[in-house]
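*Asks:*
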Ligand code: XIL
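Residue numbers (this note's numbering): 14 to 429.
1. With a Cβ-Cβ cutoff of 9 Å, do residue 214 and residue 178 count as a contact?
2. Check this for me: beta carbons of residue 375 and residue 388, under 9 Å apart or not?
3. Bridge partners for residue 99 per DSSP, in chain order?
4. Report yes or no: do three or more beta-carbon pairs, one from the segment 217-225 and one from the segment 236-247, lie closer than 8 Å?
5. Can you give me the start and stop residues for the alpha helix (DSSP H) that residue 277 sits inside?
6. Is there contact here, the segment 119-136 with the segment 99-111, by at least three beta-carbon pairs under 8 Å?
7. So which residues put a beta carbon under 6 Å from any heavy atom of the ligand XIL, going in chain order?
8. Quick check for students: name the residue ranges of the beta strand (DSSP E) that lie wholly in the segment 158-215, counting only runs of 3 or more.
9. Do residue 196 and residue 186 have their C-beta atoms closer together than 9 Å?
10. If you draw a straight line from the alpha carbon of residue 422 to that of residue 66, how long is it in whole angstroms?
11. What first and last residue would you give for the beta strand (DSSP E) that runs through residue 296?
12. Since residue 372 and residue 365 are thought to touch, with beta carbons under 8 Å apart, how far apart are those beta carbons, to the nearest angstrom?
13. Got a sec, what are the start and stop residues for the beta strand (DSSP E) residue 417 sits in?
14. Would you kindly work out how many angstroms separate the C-alpha atoms of residue 344 and residue 272, rounded to a whole number?
15. Helix, strand or coil: which one does DSSP assign to residue 221?
16. Between the alpha carbons of residue 416 and residue 406, how many angstroms are there, rounded?
17. When we look at the beta-carbon of residue 263 and count the other beta-carbons within 10 Å, is it buried (16 or more) or exposed?
18. Quick check: the segment 289-305 against the segment 344-358, are at least 3 beta-carbon pairs closer than 8 Å?
19. Compute the Euclidean distance between the alpha carbons of residue 152 and residue 255, then round it to the nearest angstrom.
20. For residue 257, count neighbouring Cβ atoms within 10 angstroms of its own Cβ and tell me buried if that reaches 16, exposed if not.
21. Would you report the Cα separation of residue 383 and residue 241, rounded to the nearest angstrom?
22. For the beta strand (DSSP E) containing residue 235, list its first residue and its last residue.
23. Would DSSP call residue 148 helix, strand or coil?
24. Following the continuous beta strand (DSSP E) through residue 361, name the residue where it begins and the one where it ends.
25. Quick one: what does DSSP say residue 153 is sitting in, helix, strand or coil?
26. Tell me whether residue 308 is buried or exposed, calling it buried when 16 or more other Cβ atoms sit within 10 Å of its Cβ.
27. Report the CB separation of residue 183 from residue 155 in whole angstroms; it is logged as a contact under 8 Å.
28. Between which two residues does the beta strand (DSSP E) holding residue 344 run?
29. Output the distance between the C-alpha atoms of residue 148 and residue 210, rounded to the nearest integer angstrom.
30. Start and end of the beta strand (DSSP E) containing residue 264?
31. Have a look at the DSSP bridge pairing and note the partners of residue 126.
32. Pick from 331, 190, 166, 79: whose alpha carbon is nearest that of residue 395?
33. Assuming residue 360 contacts residue 72 (C-beta within less than 8 Å), just tell me the rounded distance between them.
34. Mind checking whether residue 13 and residue 235 have CB atoms under 9 Å apart?
35. Would you tell me roughly how many angstroms separate the C-alpha atoms of residue 261 and residue 206, rounded to the nearest one?
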């Protein structure tokens, strides 16, 4: 914070020191209140951390990569430790990483991930157990490369869930048990899980998961649920689990968003729709892609890939101020919706820490320069960071003035 200068007479004590001290303190407080925690002073705003700004609302997490887990990333590790109170594993707990061959599990990186979270007192998330992607082909095939039968695949699923979840029983807050089981049109995706086992692969996965770690929160995680057709499919999926008496704690909205899409009303309605089923909502993989999209609809389907073209990579020399502003406004808008639903949202997790490491530099087109997160390539907080922090300050002062108004009205009401 800027130092406030004193006149000679003040320094020589013609005004009592206590009066000066009080005036300085008062001026400081007024400044803080008037600027919403020093919006104009980046150093002041940056002294408020994400986890503190939202401590009464929801957890704030980041997906972390291998180098970060092993504390080999000296630029991002301090950000992770100071800003976030939850972590998700970007890749190290996926099937291909922990269970690459039928009889071979490799928990080296996953164990380090869990220890990192425990050492830093974070809510540790597991991602993910049953998914069509980053799952080795052997899972679905016999020794001759032919599809296995239902019983074999169910056994493999159960063995995987019990071994992986069981290893960390009681230590992880929650798991994305099944990832991306719904297609864009709301039907169940024709994954190999679905084709070989049938649609009860979902009920089975949640039953195994609950038995493996009864205390863990169990989430269904997907992208694009803001689209009403796909959302209807996911709502039906959750209702179906509930009607079978299977534990389902919440839905994960991945939150791979664009600058315009989905609009805030859709996000708002989506959160309400899932909350109405009595499950928690988590924003599990938040990032905002500012680059032109080669796809028609907003998607985070990892299988979609497109060839590089210069027109689709416009900001290789830096993000123009106007787009930087748009990104900050978009983040502020989204957080105003999340804060409105603070009682229903358990966690908001960003998919990465700094722009340079985001998966969006390589998906859906390789080698682009992307700007989706709150920290830039130099690991400095961006205007979007400040906008997110200010959304919390503003919502707090709005709540305080509503409370104040209620108090004044109650006090003024005639007493019987
Ligand atoms: C992504 C990772 O960020 C990449 O490093 C990896 O190459 C592919 O997967 N939805 C999910 C995440 O549920 O697991 C994906 O993570 C992004 C889309």
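A virtual CB, placed ideally from N, CA and C, is assigned to each residue, including glycine. None of the values given here were measured: they were computed from a predicted structure.
*Replies:* Working from what's here:
1. Residue numbering aside, residue 214 sits at position 201 when the chain shown is read from its first letter. Residue numbering aside, residue 178 sits at position 165 when the chain shown is read from its first letter. No, they are not a contact pair.
2. By one-based count along the chain shown, residue 375 stands at place 362. By one-based count along the chain shown, residue 388 stands at place 375. It is not a contact, given that the beta carbons lie outside the stated cut-off.
3. For the purposes of this step, residue 99 is identified with residue 86 of the chain shown, where counting begins at 1. Its beta-bridge partners are 74, 136.
4. no
5. Locating residue 277 in the chain shown gives position 264, where the first residue counts as 1. Taken as a continuous stretch (DSSP letters only), the alpha helix (DSSP H) holding residue 277 covers 277-288.
6. yes
7. 103, 104, 192, 267, 298, 313, 315, 372
8. 187-192
9. Along the chain shown, one-based indexing puts residue 196 at 183. Along the chain shown, one-based indexing puts residue 186 at 173. For residue 196 and residue 186, no; Cβs fall outside 9 Å.
10. Taking the first residue of the chain shown as position 1, residue 422 is located at position 409. Taking the first residue of the chain shown as position 1, residue 66 is located at position 53. Roughly 29 Å separates the two Cα atoms.
11. Looking up residue 296 in the chain shown gives position 283. 293-302 is the extent of the beta strand (DSSP E) around residue 296.
12. The residue given as residue 372 occupies position 359 in the chain shown. The residue given as residue 365 occupies position 352 in the chain shown. The Cβ separation is near 7 Å, so the contact holds.
13. The residue you call residue 417 lines up with position 404 of the chain shown. Unbroken run through residue 417 is the alpha helix (DSSP H), 396-425; no beta strand (DSSP E).
14. Residue 344 sits at position 331 when you count from the first residue of the chain shown. Residue 272 sits at position 259 when you count from the first residue of the chain shown. Answer to the nearest angstrom: the Cα atoms are 9 Å apart.
15. Looking up residue 221 in the chain shown gives position 208. DSSP places residue 221 in helix when its eight states are reduced to three.
16. Looking up residue 416 in the chain shown gives position 403. Looking up residue 406 in the chain shown gives position 393. Going from the Cα of residue 416 to the Cα of residue 406 covers about 15 Å.
17. Counted from its first residue, the chain shown places residue 263 at position 250. It is buried - the Cβ of residue 263 has at least 16 other Cβ atoms within 10 Å.
18. yes
19. Counting from one through the chain shown, the residue named residue 152 turns up at place 139. Counting from one through the chain shown, the residue named residue 255 turns up at place 242. Looking at the two C-alpha atoms, the distance is approximately 28 Å.
20. Within the chain shown, the letter at position 244 stands for residue 257. Exposed.
21. Counted from its first residue, the chain shown places residue 383 at position 370. Counted from its first residue, the chain shown places residue 241 at position 228. Their Cα atoms are separated by approximately 28 Å.
22. What you label residue 235 is simply residue 222 of the chain shown in a count that begins at 1. From DSSP, the beta strand (DSSP E) with residue 235 extends over 230-235.
23. In the chain shown, counting from the first residue as 1, residue 148 sits at position 135. Note: residue 148 maps to coil in three-state DSSP.
24. Residue 361 sits at position 348 when you count from the first residue of the chain shown. Where residue 361 is concerned, the enclosing beta strand (DSSP E) stretches over 358-363.
25. Here the question's residue 153 lines up with position 140 in the chain shown. If DSSP states are grouped into helix, strand and coil, residue 153 belongs with the helices.
26. For the purposes of this step, residue 308 is identified with residue 295 of the chain shown, where counting begins at 1. Exposed, because fewer than 16 other Cβ atoms sit within 10 Å of the Cβ of residue 308.
27. The sequence position of residue 183 within the chain shown is 170, counting from 1. The sequence position of residue 155 within the chain shown is 142, counting from 1. The Cβ separation is near 35 Å, so there is no contact.
28. Mapped onto the chain shown, residue 344 falls at position 331. Premise fails: residue 344 lies in the alpha helix (DSSP H), 334-353, not in any beta strand (DSSP E).
29. In the chain shown, counting from the first residue as 1, residue 148 sits at position 135. In the chain shown, counting from the first residue as 1, residue 210 sits at position 197. In a straight line, the C-alpha of residue 148 is about 16 Å away from that of residue 210.
30. By one-based count along the chain shown, residue 264 stands at place 251. It spans 263-266 - the beta strand (DSSP E) in which residue 264 sits, taken as one unbroken run.
31. Here residue 126 refers to the residue found at position 113 of the chain shown. Paired residue(s): none; residue 126 is not in a bridge.
32. The count along the chain shown starts at 1 and reaches residue 395 at position 382. Per the Cα distances, 331.
33. As a first step, residue 360 is located in the chain shown; it is residue number 347 there, counting from the start. As a first step, residue 72 is located in the chain shown; it is residue number 59 there, counting from the start. The pair is a contact, with the Cβ atoms about 4 Å apart (cut-off 8 Å).
34. It is not possible to answer for residue 13, since the shown part of the chain is limited to 14 through 429.
35. By 1-based counting over the chain shown, the position of residue 261 is 248. By 1-based counting over the chain shown, the position of residue 206 is 193. The straight-line gap from Cα to Cα measures roughly 19 Å.
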